[in-house]
Amino acid sequence: MTPRLLPGLVTGNDRVALRFGTDVLTHGELASVAGSLAAGLAGRTRVAVWATPTIQTCVAVVAALTAGVPVVPVNPKAGSRELEHIVADSAPDLVLAAPDAVLPGELGALPRIAVELGVTGTPWPGEEPDPETPAFVVYTSGTTGPPKGVVLPRRAVASNLDALAEMWEWTGADVLVHALPLFHVHGLILGVVGPLRRGGSLHHLGRFASEVAAAELAGPGTMLFGVPTMYHRLAADCEADPALAAGIGSARLLVSGSAALPATDHERIATTTGQRVVERYGMTETLMNCGVRVSGDRRPGSVGLPLPGVELRLVDDAGVPFEAADSETVGEIEVRGPNLFLGYLNRPDATDAALHDGWFRTGDMAVRDPDGYVRIVGRRATDLIKSGGYKIGAGEIENALLEHPGVAEAAVTGEPDEDLGERIVAWVVPAETTPTADELADHVAKLLSPHKRPRVVRYLDALPRNEMGKVLKRALDG
Ligand code: MLC
Ligand code: AMP
Numbered sequence: 069m070t071p072r073l074l075p076g077l078v079t080g081n082d083r084v085a086l087r088f089g090t091d092v093l094t095h096g097e098l099a100s101v102a103g104s105l106a107a108g109l110a111g112r113t114r115v116a117v118w119a120t121p122t123i124q125t126c127v128a129v130v131a132a133l134t135a136g137v138p139v140v141p142v143n144p145k146a147g148s149r150e151l152e153h154i155v156a157d158s159a160p161d162l163v164l165a166a167p168d169a170v171l172p173g174e175l176g177a178l179p180r181i182a183v184e185l186g187v188t189g190t191p192w193p194g195e196e197p198d199p200e201t202p203a204f205v206v207y208t209s210g211t212t213g214p215p216k217g218v219v220l221p222r223r224a225v226a227s228n229l230d231a232l233a234e235m236w237e238w239t240g241a242d243v244l245v246h247a248l249p250l251f252h253v254h255g256l257i258l259g260v261v262g263p264l265r266r267g268g269s270l271h272h273l274g275r276f277a278s279e280v281a282a283a284e285l286a287g288p289g290t291m292l293f294g295v296p297t298m299y300h301r302l303a304a305d306c307e308a309d310p311a312l313a314a315g316i317g318s319a320r321l322l323v324s325g326s327a328a329l330p331a332t333d334h335e336r337i338a339t340t341t342g343q344r345v346v347e348r349y350g351m352t353e354t355l356m357n358c359g360v361r362v363s364g365d366r367r368p369g370s371v372g373l374p375l376p377g378v379e380l381r382l383v384d385d386a387g388v389p390f391e392a393a394d395s396e397t398v399g400e401i402e403v404r405g406p407n408l409f410l411g412y413l414n415r416p417d418a419t420d421a422a423l424h425d426g427w428f429r430t431g432d433m434a435v436r437d438p439d440g441y442v443r444i445v446g447r448r449a450t451d452l453i454k455s456g457g458y459k460i461g462a463g464e465i466e467n468a469l470l471e472h473p474g475v476a477e478a479a480v481t482g483e484p485d486e487d488l489g490e491r492i493v494a495w496v497v498p499a500e501t502t503p504t505a506d507e508l509a510d511h512v513a514k515l516l517s518p519h520k521r522p523r524v525v526r527y528l529d530a531l532p533r534n535e536m537g538k539v540l541k542r543a544l545d546g
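If you use the numbering used here, the sequence shown closes out at 546, no skipped numbers anywhere.
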């Protein structure tokens, strides 16, 4: 028999599994509510989940996982173009959403099953599917074109969560606290499936606020997951309020990921809370690759060692692996192991391009310290921007900007931002009438997603181009 993805989901277990404000479900209640929903999902090809930061999203995901049906989490703020693409590309049989959720056109047109917390049934009795079966299709941006659907098998989810548990001594006694969105792997797989697989708890904050996180950690919370933007805001709030810093400091483990945590923020948090943040490094396609162990050296700017079971190598520009661990020789990270995805949905070309002799090319550039610790120093593609921990492709924003009648030409770059890591900058050659920066931000937010909107717009008479007509992004400088 295939081992269960969520073995802790047992009727009669009255420990809290999920808390979202006043919405609470024990493991027993979750088994029963999700069991009832799962009965209506068996045999479906794929289901979309309207991934608001609510308990209903978790119930929907657990129901689909227990019924063996792959989940497509959908950003509830996704704009029209992005939604059209995700719905057309993933072709879900139906959508799961809270009863009162208002679904936009593309999703609203699908058959819908409401996630009712009051409806209970018996836990799903069926056999679990093969570990190679897809569990999730998560959309992530590339340098050009619309986002790609990353197909993650149950094997990757289970093995990666178990490797993290081993590294962080993460058990059913832990209460994880976070405020991450539930349509990416950080918030959803690590942040929801993670505690449920351990038989532990998640307390989701809805939206990030330092004082709420501190109160949770001073109380039942034991671990905090966040992106560097959240830790940057925490650092300032801890400096301003020692009581808040003490609350954060009472956590068993503070974990940062999805983007590089600046060494200054690492030190500010260490100074104010007495806790050193543990960093881990991952990707949608690979889940987590590296991390600092609970007992390891919490070195600022380092993502630690490869996870148990994950193989990692650095390759030079010619794609040749090298062994140097001198903290200096930079190479691209390639990874292999049970954590890898199955491929991009409907994109065998992109899947082939991402693999190199069975190793996944991450596009991340790194050095290795003599003791094997990995330090990420950059990214191969300048057209990928990490803002607030979200990966955003310059190409999709450029295309969206060009759909605005006031834009004749557009180029998008990322520039350093203290709060967001990088901020999106739009370089625009206006057409007849010049649109305002707010107009362009709204346009991109409505078409794609609010987090993809340009934070700065700079107007030019012409974009710098080479003889071939290609935009010279390096010549675009604030
Ligand atoms: C602003 N808003 C607009 C708008 N301008 N909405 C529509 N149109 C406009 N023009 C809204 C936003 O939707 C948002 O709403 C609010 O105003 C504030 O927007 P913001 O300024 O963009 O949000 P901010 O406060 O800056 O968010 C910071 C943040 C967020 C850290 C909370 O960036 C975040 O949650 N990041 C997490 C990203 C993440 O999970 N990445 C993991 C990827 S997986 P509202 O209501 O939403 O506040 C991965 C792998 C790995 O990377 O290793 O983990
Ligand atoms: P995504 O495609 O949204 O899953 O983003 C994955 C990317 O986030 C990786 O390829 C890295 O560039 C970046 N990333 C994730 N964690 C870290 C980290 N701890 N330090 C630096 N970059 C990170």
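Beta carbons are placed, not taken as given, at the ideal position from N, Cα and C, and that holds for glycine.
For this session: May I ask whether a heavy atom of the ligand AMP can be found less than 6 Å away from the beta carbon of Y441?
Result: no
For this session: May I ask you to check if the CB of Y458 is nearer than 6 Å to at least one heavy atom of the ligand MLC?
Result: yes
For this session: On a CA-only basis, which of L175, A116 and I181 is nearest R107? Give me that one, please.
Result: Here the sequence assigns Ala to residue 107, which means Arg is not the residue at that position. It is I181.
For this session: Quickly, what does DSSP pair P191 with across the bridge? List them, please.
Result: None; P191 has no bridge partner.
Problem set entry | Extent of the continuous alpha helix (DSSP H) run through R223 | R222 to W236
Exercise. In terms of residues, what are the limits of the beta strand (DSSP E) holding I492?
Worked result: Unbroken beta strand (DSSP E) run through I492: G489 to P498.
Exercise. For F409 versus V218, is the C-beta distance shorter than 7 Å?
Worked result: The Cβ atoms of F409 and V218 sit closer than 7 Å to each other.
For this session: Look at the alpha carbon of A422 and the alpha carbon of Y412, and state the distance between them as a whole number of angstroms.
Result: 10 Å
Exercise. Any idea if Y527 is buried or exposed, counting beta-carbon neighbours within 10 angstroms, 16 or more meaning buried?
Worked result: exposed
For this session: State the start and end residues of the unbroken alpha helix (DSSP H) segment that holds M298.
Result: Run containing M298: P296 to A308, per the alpha helix (DSSP H) assignment.
For this session: Rank H246, D168 and L258 by C-alpha distance to the C-alpha of V280 and give the top, closest one.
Result: For V280, the nearest C-alpha among the options comes from H246.
Exercise. Using DSSP with H/G/I as helix, E/B as strand and the rest coil, what is S104?
Worked result: DSSP, read as helix, strand or coil, puts S104 in helix.
Exercise. In the structure shown, what three-state DSSP assignment does V219 receive?
Worked result: Strand, per DSSP.
Exercise. Taking the continuous beta strand (DSSP E) assigned at S278, which residues delimit it?
Worked result: For S278, there is no enclosing beta strand (DSSP E); the enclosing alpha helix (DSSP H) has its first and last residue at S278 to A286.
Problem set entry | Expected contact under 8 Å - CB spacing of G482 and I444 to nearest Å | That belief does not hold up - the Cβ atoms of G482 and I444 are roughly 16 Å apart, past 8 Å.
For this session: Within 10 angstroms of the Cβ of T504, are there 16 or more other Cβ atoms? Answer buried if so, exposed if not.
Result: exposed
Exercise. In its own chain, which residues sit with a C-beta less than 6 Å from the C-beta of L244, not counting the 5 before and 5 after it?
Worked result: P263, L270 and M291
Exercise. By Cβ distance, which residues of its chain are closer than 6 Å to A146, with the 5 residues on each side in sequence left out?
Worked result: S517
Exercise. Would a C-beta distance cut-off of 7 Å place D451 and T79 closer than the cut-off?
Worked result: Contact flag unset, no.
Problem set entry | heavy atom of the ligand FMN below 6 Å from H252 C-beta | With respect to the ligand FMN, the structure shown offers nothing to examine, as its ligands consist of the ligand MLC and the ligand AMP.
Exercise. Less than 7 Å separating the beta-carbons of G457 and S326?
Worked result: yes
Exercise. Considering only the beta carbon of each residue, do A119 and F251 sit closer than 7 Å?
Worked result: Judged by their CB atoms, A119 and F251 are nearer to each other than the 7 Å cut-off.
Exercise. For the ligand MLC, is there a heavy atom less than 6 Å away from the beta-carbon of R447?
Worked result: no
Exercise. Roughly how many angstroms lie between the CA atoms of A304 and V295, to the nearest whole one?
Worked result: For the pair A304 and V295, the Cα-to-Cα distance works out to about 15 Å.
Problem set entry | Where V345 falls, given that 16 or more other Cβ within 10 Å makes a residue buried | buried
Exercise. Between which two residues does the alpha helix (DSSP H) containing R348 stretch?
Worked result: No alpha helix (DSSP H) contains R348, which is instead part of the beta strand (DSSP E) from V346 to M351.
For this session: Out of L488, E500, L508 and A478, state which residue places its alpha-carbon closest to the alpha-carbon of K31.
Result: Because residue 31 is not part of the residues shown, which for the chain are 69 to 546, the question remains open.
For this session: My understanding is that D198 touches T70, with C-beta atoms under 8 Å, so please give their C-beta distance in whole angstroms.
Result: 6 Å
For this session: Return yes when the C-beta of G103 is under 6 Å from any heavy atom of the ligand MLC, and no when it is not.
Result: No, Cβ of G103 sits at least 6 Å from all heavy atoms of the ligand MLC.
For this session: Could you tell me whether the segment 381 to 401 touches the segment 460 to 470, using the rule of 3 or more Cβ pairs below 8 Å?
Result: Touching, no, given that fewer than three Cβ pairs across the two stretches are closer than 8 Å.
For this session: Verify whether the separation of the beta carbon atoms of E486 and S455 is less than 7 Å.
Result: no
Problem set entry | 8 Å Cβ shell around V475 - same chain, five flanking residues per side excluded | L469, V496, V497, P498, A499, P503 and L508
For this session: Within the same chain, show all residues whose beta-carbon is closer than 7 Å to that of A331, passing over the 5 residues directly before and after it, in chain order.
Result: Answer for A331: P368 and G369, listed in chain order.
For this session: Specify the secondary structure class of E379 as computed by DSSP and reduced to three states.
Result: strand
Problem set entry | Any non-hydrogen atom of the ligand AMP closer than 6 Å to I444 Cβ | For I444, the Cβ falls inside the 6 Å cut-off from some heavy atom of the ligand AMP.
For this session: Go through its chain and collect everything with a Cβ distance to S148's Cβ below 8 Å, but skip five positions before and after it.
Result: P172, G173, E174, K514 and L515
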